[in-house]
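Enquirer: This is the structure I have questions about; it appears just below.
Given below as structure tokens:
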């Protein structure tokens with residue numbers, strides 16, 4: 023098949039592979055940091071990615087252009103999966119390309135001309151786009167899926183915000199194997215041997231604040247759950263009134279008595 027270079031399908035105007043990489047990396051990082059689950063990205067994501075592109079490449083894109091580019095990347099992602107889902111197509115890891123018979127390419131290129139972008143041996147950013155667009159959107163080929171276990175272990179960097187493609191001893195699989203990076207967990211407390219529940223170290227009990235005889239406040243601890251009964255108040259005996267019941271007495275509070283004395 024005589025098809026134009028892959029860049030003709032994937033890039034136009036000011037868009038380049040490096041700018042696409044910066045856009046995707048920024049969106050993946052923001053998605054992980056905020057726990058964003060929706061397929062549509064907010065304006066903050068797009069404007070932040072646009073600022074990153076401007077700082078690195080000196081190219082300014084507005085929000086509408088960035089949103090349109092994300093839609094283009096999504097279409098690229100779905101088209102690549104469509105190619106891999108065709109009978110007889112498989113992913114060749116050593117050459118980073120899709121291997122399929124020419125009759126299949128001719129058939130699907132008539133339905134979707136953009137499929138021609140994956141006829142060559144350049145690999146799209148499938149792993150990062152899978153993390154960006156959603157892992158649940160990846161179609162798995164049940165019976166045709168080939169899984170090869172390898173005894174080699176590769177340490178994945180925790181600093182990379184993108185997803186990772188697992189390399190190994192397989193030469194033929196249905197699609198690139200993508201594993202999202204695990205989130206970093208930080209230890210909030212240092213190891214302590216004496217306290218295990220991370221609660222207050224104050225001794226168990228019921229605490230009261232009382233006024234001591236010297237006028238100072240002091241703390242009293244009651245171990246029992248039964249509160250002590252308060253001391254009964256001392257009730258003084260009522261004293262006899264010094265007032266005289268005789269209305270004419272000089273000690274009487276009645277004004278009748280002393281008014282009569284004044285008239286005499």
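In our numbering, the protein residues as written are 23 to 286. Even glycine gets a Cβ: it sits at the ideal position worked out from N, Cα and C.
In chain order, what residues of the same chain lie with their CB nearer than 7 Å to the CB of residue 287, ignoring the 5 residues before and after it?
Expert: For the chain, the structure presents residues 23 to 286; residue 287 sits outside this window and is missing.
Enquirer: Taking the alpha-carbon positions, what's the residue 17 to residue 228 distance?
Expert: As displayed, the chain neither begins before 23 nor continues past 286, which places residue 17 out of reach and without an answer.
Enquirer: CB residue 155 to CB residue 99, shorter than 8 Å?
Expert: Taking 8 Å as the Cβ cut-off, residue 155 and residue 99 qualify as a contacting pair.
Enquirer: Are the Cβ atoms of residue 88 and residue 111 separated by less than 8 Å?
Expert: No.
Enquirer: Using a 10 Å radius around the Cβ and a threshold of 16 neighbouring Cβ atoms, would you call residue 41 buried or exposed?
Expert: It is buried - the Cβ of residue 41 has at least 16 other Cβ atoms within 10 Å.
Enquirer: Tell me the rounded alpha-carbon separation between residue 52 and residue 244.
Expert: Cα to Cα, residue 52 sits roughly 53 Å from residue 244.
Enquirer: Could you give the distance in angstroms between the alpha-carbon of residue 25 and the alpha-carbon of residue 73?
Expert: Their Cα atoms are separated by approximately 35 Å.
Enquirer: Near residue 133, what residues of its chain come up, given a Cβ to Cβ distance below 7 Å and the 5 sequence neighbours on each side ignored?
Expert: Around residue 133: no qualifying Cβ.
Enquirer: Near residue 68, what residues of its chain come up, given a Cβ to Cβ distance below 7 Å and the 5 sequence neighbours on each side ignored?
Expert: Answer for residue 68: 85, 88, 89, listed in chain order.
Enquirer: Is it right to say residue 81 is buried, meaning 16 or more other beta carbons lie within 10 angstroms of its own, or is it exposed?
Expert: With fewer than 16 other Cβ atoms within 10 Å, it is exposed.
Enquirer: From the DSSP output, which residues share a beta bridge with residue 232?
Expert: Answer is 240, bridged to residue 232.
Enquirer: Do residue 115 and residue 148 count as a contact pair if the criterion is CB distance below 8 Å?
Expert: No, the Cβ-Cβ distance between residue 148 and residue 115 is not below 8 Å.
Enquirer: Cα separation between residue 104 and residue 127?
Expert: Rounded to whole angstroms, residue 104 to residue 127 spans 12 Å at the Cα level.
Enquirer: Cα separation between residue 46 and residue 29?
Expert: C-alpha separation (whole angstroms): 17 Å.
Enquirer: Report buried or exposed for residue 129, applying the criterion of at least 16 other Cβ atoms within 10 angstroms of its Cβ.
Expert: Exposed: under 16 other Cβ atoms inside 10 Å.
Enquirer: What three-state label does DSSP hand residue 81 in the structure shown?
Expert: Correct three-state label for residue 81: coil.
Enquirer: Determine the closest residue to residue 32 out of 139, 63, 49, 44, with distance taken between C-alpha atoms.
Expert: For the residues 139, 63, 49, 44, the minimum Cα distance to residue 32 belongs to 139.
Enquirer: When the distance is taken between beta carbons, is residue 151 closer than 8 Å to residue 59?
Expert: Not a contact, by the Cβ cut-off of 8 Å.
Enquirer: Could you please give me the residues that DSSP links to residue 120 through a beta bridge?
Expert: 113, per the DSSP bridge assignment.
Enquirer: Go ahead and pull the three-state DSSP assignment for residue 135.
Expert: Three-state DSSP puts residue 135 in a helix.
Enquirer: From the DSSP output, in three-state form, read off residue 63 for me.
Expert: The answer is coil: DSSP assigns residue 63 none of H, G, I, E or B.
Enquirer: Thinking C-beta only, is residue 83 closer than 8 Å to residue 75?
Expert: Yes, the pair counts as a contact, with Cβ atoms nearer than the cut-off.
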